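Step one of this worksheet: look at the structure below.
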Amino acid sequence: MYRIAVLPGDGIGVEIVPEAIKALKAVGEKSGLEFTFTEALIGGAAYDATGHPLPTETLDLCRQSDAILLGAIGGPKWDELPVHLRPEVGSLLPLRKELALFANLRPVMLFPNLLHASTLKREVLEGVDILVVRELTGGLYFGEKSREKLADGGEKATDILSYTTHEIERIVRLAYDAARKRRKQLCSVDKANVIETSRLWRETVTKIATDYPDVETTHMYVDNCSMQLIRNPRQFDVIVTENMFGDILTDEASMLSGSIGMLASASIGGEVGLYEPSHGSAPDIAGQNKANPLATILSAALMLRYSFDREQEAQMIEKAVQMLLDDGYRTPDLVEAGTKVLGTVETGDMVAGNIARL
Ligand code: NAD
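For reference, each letter of the sequence shown is one residue, going 58 to 415 in this note's numbering.
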């Protein structure tokens with residue numbers, strides 16, 4: 058029996074999470090695994106109901122669960138709140154920190170029949186298979202923030218960027234271990250020509266590399282990496298990088314797979330794993346049955362793989378998604394000539410149906 062905490066959140070979060078639950082239930086029926094789903098509030102929805110974007114009950118539920126399925130948080134309604142109550146800063150960041158989820162894994166998977174959906178050329182994309190390992194609980198997003206008034210009438214804003222050797226070591230080792238199970242290439246991305254934390258990052262990677270002689274290690278500056286991801290993405294196997302660089306590079310990498318609505322993620326490192334799509338709450342399409350639920354459904358597959366060690370069941374979900382795409386169905390973000398448009402709910406129904414047919 059696996060206990061899953063369900064945190065739909067805001068915007069399209071409430072639309073995509075139920076579709077991932079359908080997929081997990083279908084897997085349960087097929088494989089005999091049992092799941093319980095307990096829902097709790099997070100983000101703007103939690104702020105509206107309780108006055109805080111991460112209520113204690115939500116955190117307690119997460120701690121008592123075997124895994125967490127999250128939708129997305131945030132939206133214009135809560136943008137003007139004091140910063141500590143804003144959904145992003147007040148819920149997601151502390152949730153990651155409290156649960157010690159220091160590693161965010163974002164596999165950039167290319168479904169062959171989505172090659173046309175990307176803005177990049179087919180010949181650039183064929184064969185792309187990247188795992189981005191992003192540090193998730195340190196760096197600029199967690200550093201001290203301040204503002205001060207200046208004599209000239211303006212203001213000075215400061216965000217502190219710091220990393221310790223320990224924080225770098227644990228994420229880099231996790232990335233090397235992942236590379237060992239793949240094509241044994243690790244590219245560490247930094248900005249060591251300018252930033253001191255990046256210099257410590259690079260020195261630390263260089264030291265750890267001696268423990269992994271079977272893995273080929275390269276270093277790349279983040280500006281170059283953002284260019285190489287578009288120029289020749291096939292060169293990458295595992296990319297490991299710090300929090301903000303990883304945030305930006307993974308949004309860029311999502312376009313290799315055709316849509317940000319396809320990019321799943323797993324946050325691990327603590328006692329309980331957190332699974333969520335890489336995108337946000339997409340207020341522009343919320344409530345219209347237009348959101349692509351596949352990133353969330355594929356995140357449920359990552360949950361089966363990483364938290365429950367159920368590779369076969371994880372692959373059931375991935376195969377069911379492949380079948381849907383093979384049958385020519387697409388949500389509006391991916392639709393192109395010759396394909397059939399499906400809404401969020403219908404996509405979830407089809408994936409669950411495909412799992413039953415496997
Ligand atoms: P976003 O990822 O929500 O949306 C960017 C664009 O991608 C939009 O055009 C949106 O319609 C589209 N998109 C995103 N997910 C999609 C899906 N599943 N299917 C189809 N199209 C999809 O980013 P944003 O607009 O910069 O941010 C909106 C809100 O989400 C903000 O409040 C932001 O802070 C928050 N946010 C939350 C998370 C999270 O919960 N992890 C991550 C990023 C942004």
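Every residue, glycine too, gets a C-beta built ideally from N, C-alpha and C. Predicted model only: the values in this text are computed from it and were never measured.
Taking Met373 as reference, the option from Cys119, Lys241, Ile354, Asp247 with the minimal CA-CA separation is Ile354.
Its chain contains Leu150, Lys154, Asn300 as the residues whose beta carbon lies nearer than 8 angstroms to that of Phe199, once the 5 sequence neighbours on both sides are disregarded; these appear in chain order.
Pro65 is positioned such that its CB atom lies no closer than 8 angstroms to that of Gly405. For Leu126, the uninterrupted beta strand (DSSP E) segment begins and ends at 124 to 129. Following the DSSP letters along the chain, one finds Gly66 inside the beta strand (DSSP E) bounded by residues 59 to 66.
Taking a C-beta distance under 8 angstroms as the contact criterion, Ile130 and Gly101 qualify as a contact pair.
In the DSSP assignment, Leu182 falls within the unbroken alpha helix (DSSP H) covering 179 to 182.
Taking 8 angstroms as the cut-off, the beta carbon of Ala352 is found closer than this to the beta carbon of Ala321. Thr194 and Glu224 have their C-alpha atoms roughly 9 angstroms apart. If you draw a 10 Å sphere on the C-beta of Ile217, you find fewer than 16 other C-beta atoms in it, and that means exposed.
As a beta-bridge residue in DSSP terms, Ile187 pairs with Val165. Here the region 387 to 396 lies against the region 315 to 331, with 3 or more beta-carbon pairs under 8 angstroms apart. The region 233 to 248 makes contact with the region 258 to 265: 3 or more CB pairs, one atom from each, lie closer than 8 angstroms. The three-state secondary structure of Ile73, taken from DSSP, is helix.
Within 7 angstroms of the C-beta of Leu172 there is not a single heavy atom belonging to the ligand NAD. If you draw a 10 Å sphere on the C-beta of Ser311, you find 16 or more other C-beta atoms in it, and that means buried. At a Cβ-Cβ threshold of 8 angstroms, Ser364 and Ala77 do not count as neighbours. Residue burial annotation: Ser203 is exposed, with fewer than 16 other C-beta atoms found within 10 angstroms of its C-beta.
When rounded, the separation of the alpha-carbon atoms in Ala106 and Leu98 is 8 angstroms.
Here the alpha carbon of Lys376 sits roughly 14 angstroms from the alpha carbon of Arg362. Here the C-alpha atom of Ala235 lies approximately 12 angstroms from the C-alpha atom of Asn161. At a threshold of 7 angstroms, Ile99 does not count as near the ligand NAD, since its beta carbon sits no closer than that to any of the ligand's heavy atoms.
Between the ligand NAD and the CB of Ile354, the shortest heavy atom gap is not smaller than 7 angstroms. In the DSSP annotation of this structure, the continuous segment of the alpha helix (DSSP H) that includes Ser311 starts and ends at 300 to 311. Taking a C-beta distance under 8 angstroms as the contact criterion, Pro340 and Gly147 do not qualify as a contact pair.
The continuous alpha helix (DSSP H) containing Leu116 extends over residues 113 to 120.
Proximity of the region 324 to 339 to the region 120 to 127 meets the contact definition, three or more beta-carbon pairs being nearer than 8 angstroms.
Between Ile305 and Leu158, the C-beta spacing is not below 8 angstroms.
Relative to the ligand NAD, Ser338 has its C-beta within less than 7 angstroms of a heavy atom. Counting only unbroken stretches of 3 or more residues, the beta strand (DSSP E) elements lying wholly within the region 168 to 256 are 186 to 192, 202 to 206, 212 to 216, 242 to 247, in sequence order. Restricting attention to alpha helix (DSSP H) runs no shorter than 4 residues, the region 264 to 352 encloses them at 279 to 288, 300 to 311, ordered along the chain. Cβ-Cβ distances below 7 angstroms link Arg230 to Ile265 in the same chain, with the five nearest sequence neighbours on each side left out; the list follows chain order. Judged by DSSP secondary structure, Thr401 falls within the alpha helix (DSSP H) whose first and last residues are 401 to 414. In terms of Cα proximity to Leu188, the closest of Gln369, Asp383, Val297 is Val297. The Cβ atoms of Leu90 and Arg414 do not sit closer than 8 angstroms to each other. Counting only residues of its own chain and dropping the five nearest sequence neighbours on each side, Phe92 has a CB closer than 6 angstroms to the CB of Tyr59, Ile61, Leu81, Gly85.
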